[in-house]
Each structure stands twice: as C-alpha cells, then as structure tokens.
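Notes follow the structure.
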Amino acid sequence: MRTLIALCFLAFVAGASADCGVCKTMKWGVCDGPPCACTLVLGVGNKQIVDCNNLIPKCFLMKAEMHRARTNQSTRSIGGKPVETAFVDNDGIYDPVCDANGGFKAVQCNGTETCWCVNSAGVRRSDKGDKNIKCEPVETYWVRLQLTHNATSSIPTTEHVKIAVENVLLQRYSLQKTFVKKVEYDPDARMIVVDLEKPKGDRSVDLPLVGYYMEKDVKVLPLFKDPAPFKLTTASTDVPLNNILVYYVDEVAPTFTMKALTGGVIAVIVVVVLAVVIGLLVLFFLRRREQAQYNKTQGREMEPMS
Ligand SMILES: *[C@@H]1O[C@H](CO)[C@@H](O)[C@H](O)[C@H]1NC(C)=O
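This is the structure in structure tokens:
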C-alpha cells in the first residue's frame, strides 16, 4: 500500500514537472506548480500568466524585452513594398501598454509625453503627437516577409522553396497554409518573398506575431525555449537565411504625413506666404492713400462752390 502511494506520488511529481518544466514558446517564461502556471515577467512586480502552448502575444514579448533591457538582462542585440501603403518598423522596441489579452492599445507613448498610433502589430502608423492624440484600433491583415539567404549547395526550385516555407510556418509557428498567399523566389538575388494574408475582418490569427517570431529566429535570437535551431530545408538543399525585412499592410492605410514636407520645405513655404501677404498689404495701403489724395483734391475743388 505504502509503495503504491509512493508510486502514485512519484508519478504525480513526474507528470507535474513534465507538464510544468519549460515554456516552449518563450525562453524567458517560467513554469511553476502545482497547480502548473507559466508566467513572464513584464516589469517590476508585474508577472503575466501566459499560455506556453501558443505563441506569446507580441505586446507581452516587447514589454518583457524592455524590462530585461532595463534591468541589464540578456535580450535582443540586433523586395520592396507589397503595396504603396505598406510600411516597415523603423522605430524598433518601446515599452508598450498591453490590454489583458496581450493586444496593443491603439495609443502608445513609451512612458513619455510623446504618443503615436500603432496597428495590431504594435508598429507606429501615424506621426508622433502629444498625449491627446486620437487613435482607432487597426488590424494588420497582410504581412510581407522579405528573406535573403547565403549560398546554397544547389539552387532550389521555387516550388521546393514554397513547400519548405509552408512547412516551417506550420511546424514552428502553427500557421495554417491557407494564410500563405504567395511565395516568390529569386535565386539570383537569393531572395524569398512570403506574403501572409487573411481576409479583412478576420481576427482568428495574428500574422504579424508569426513574422515577429520568425524575425527573431532569422536573427538567431529565438524566442523559443527549444534548442532546435531554425532551419529552412527544401527537398534539394538547406537554405541558410541571413536577413528578414517585414512589411505591414493595415486594414486602414496609415496616416503618416509626407516626410519631405519638413524643415526646409516648410521654411520656404512660410517665406513665400509672408512675402505675398506683405505685398498685398502694401498694395492695399497704397490704394487707400491714392483714394485719400483724390478725395482731398475733390474736396478743395468743391469748396468755392459752397
Ligand atoms: C522608448 O524609450 C526607451 C528608453 O526608455 C528608448 O531606448 C527607446 O528608443 C524608446 N523607443 C521609442 C520607439 O521611442
């Protein structure tokens, strides 16, 4: 009887630790129990419960990364547009405000007085403004991954590259093939362009999150706990990826103002407008003086008559 209890206990401990040992989808995640729960530290005294069977929301990831950078823990070191309204993330990381599910709040300020609007990928989609900036939540429904690679032992076919990309997206990031709209391959440029797209209005899948995990994998800073390295393996050869650029296309076009219309251009416009206004004023006063002069002479001529 005693051995039975001991065995049950051992089995329970073994089961618990097997289920609760690691956070597969986030190397900084910590799983503890019983009852087993996995958490990610987002800030001082801010432990977020996360689901380590799925990709962790990007907003939580960014927050954790900012916290680690601030507390000197190890963290990140390091085609063309699909459509005219597509844009890239030039700002990089900031300390985001997340909603309860790990979504990005539409307004982000990075803990300062300067704020801006972001899309569902947390990427800035407006000019920077003050704290009163008004933003609507906007979904990113199309992500273009522009990948480049090093020399391969043989040149794979576009079809083989496409299958390899679809497989890695499914196996590593659990992304269904239906969302892989297009894979193009240029062997001379050693470039692979992958379009991940969902119907507008679809909220079932977070495509930029897949892009984010892949970005980290290509830059050899994987977010996964699993030491299995990221690899793109075609039927004929391994394709060693060396860089990735991510374009975002939102359901509503971003509202950046023309970048050219800054500094010098604005100064020139101000000077021209001022010159025109002064010219008009001078003309106006000259006319009035002429009018006054005319009235005076008229008045003098009238005098003897009265
Ligand atoms: C956010 O603030 C941190 C400093 O706390 C800074 O390093 C980072 O560049 C800022 N990011 C943006 C996008 O402004």
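If you use the numbering used here, the sequence shown corresponds to residues 62 to 367, in order. Every residue, glycine too, gets a C-beta built ideally from N, C-alpha and C.
Expressed to the nearest angstrom, what Euclidean distance is found between the alpha-carbon atoms of residue i and residue j?
{"i": "residue 302", "j": "residue 189", "result": "34 Å"}
{"i": "residue 127", "j": "residue 156", "result": "6 Å"}
{"i": "residue 160", "j": "residue 276", "result": "23 Å"}
{"i": "residue 369", "j": "residue 338", "result": "Look at the range of the chain in this structure, 62 to 367, and you will see that residue 369 is not part of it."}
{"i": "residue 351", "j": "residue 342", "result": "14 Å"}
{"i": "residue 138", "j": "residue 278", "result": "Only weak support is given to the placement of residue 138: the predicted model assigns it a pLDDT of 40, under 50, and the question is left unresolved by the model."}
{"i": "residue 76", "j": "residue 97", "result": "For residue 76, the predicted structure reports a pLDDT of 41, less than 50, and the residue's modelled location is therefore unreliable. A value from the coordinates is still provided. Cα to Cα, the separation comes out at about 11 Å."}
{"i": "residue 372", "j": "residue 252", "result": "The structure shown has nothing for residue 372, since the chain only spans 62 to 367."}
{"i": "residue 121", "j": "residue 330", "result": "44 Å"}
{"i": "residue 193", "j": "residue 165", "result": "17 Å"}
{"i": "residue 212", "j": "residue 206", "result": "19 Å"}
{"i": "residue 147", "j": "residue 308", "result": "6 Å"}
{"i": "residue 267", "j": "residue 232", "result": "16 Å"}
{"i": "residue 356", "j": "residue 347", "result": "14 Å"}
{"i": "residue 234", "j": "residue 316", "result": "31 Å"}
{"i": "residue 102", "j": "residue 109", "result": "6 Å"}
{"i": "residue 245", "j": "residue 191", "result": "41 Å"}
{"i": "residue 220", "j": "residue 283", "result": "27 Å"}
{"i": "residue 84", "j": "residue 113", "result": "5 Å"}
{"i": "residue 100", "j": "residue 134", "result": "17 Å"}
{"i": "residue 408", "j": "residue 167", "result": "What is shown of the chain runs 62 to 367, which leaves residue 408 out entirely."}
{"i": "residue 293", "j": "residue 154", "result": "27 Å"}
{"i": "residue 353", "j": "residue 335", "result": "27 Å"}
{"i": "residue 367", "j": "residue 349", "result": "Any answer about residue 367 is weak, because its pLDDT of 45 lies below 50 and its placement is not dependable; what the coordinates show is given next. When rounded, the distance between both Cα atoms is 27 Å."}
{"i": "residue 327", "j": "residue 145", "result": "25 Å"}
{"i": "residue 119", "j": "residue 236", "result": "16 Å"}
{"i": "residue 249", "j": "residue 132", "result": "44 Å"}
{"i": "residue 300", "j": "residue 314", "result": "34 Å"}
{"i": "residue 152", "j": "residue 197", "result": "20 Å"}
{"i": "residue 200", "j": "residue 311", "result": "6 Å"}
{"i": "residue 225", "j": "residue 242", "result": "14 Å"}
{"i": "residue 185", "j": "residue 217", "result": "37 Å"}
{"i": "residue 272", "j": "residue 204", "result": "7 Å"}
{"i": "residue 340", "j": "residue 174", "result": "41 Å"}
{"i": "residue 95", "j": "residue 115", "result": "20 Å"}
So what does residue i bridge to, in DSSP terms?
{"i": "residue 107", "result": "104"}
{"i": "residue 256", "result": "205 and 243"}
{"i": "residue 222", "result": "In DSSP, residue 222 forms no bridge with anything."}
{"i": "residue 92", "result": "99"}
At a Cβ threshold of 7 Å, is residue i touching chain C?
{"i": "residue 296", "result": "The question asks about chain C, but that chain is absent: this structure has only one protein chain."}
Handout entry: Residues near ligand 1, criterion Cβ-heavy atom distance below 5 Å
Key = Every residue passing the under-5 Å Cβ criterion appears here: 152, 155 and 171.
Handout entry: 3 or more residues per run - each beta strand (DSSP E) lying fully within the stretch 149–211
Key = Here the runs fully enclosed are 201–210.
Exercise for the section: Evaluate contact between the stretch 86–94 and the stretch 286–300, counting only Cβ atoms and requiring at least three cross-stretch pairs below 8 Å. Expected result: In short, these stretches touch, since the Cβ pair count reaches three.
Practice task
Could you tell me which uninterrupted beta strand (DSSP E) segments, each at least 3 residues in length, are contained entirely in the stretch 273–315, listed from first to last along the chain?
Solution key: Runs of the beta strand (DSSP E) inside the stretch 273–315: 302–311.
Exercise for the section: Report yes or no: do three or more beta-carbon pairs, one from the stretch 169–179 and one from the stretch 254–263, lie closer than 8 Å? Expected result: Cβ pair count under 8 Å is below three, so no.
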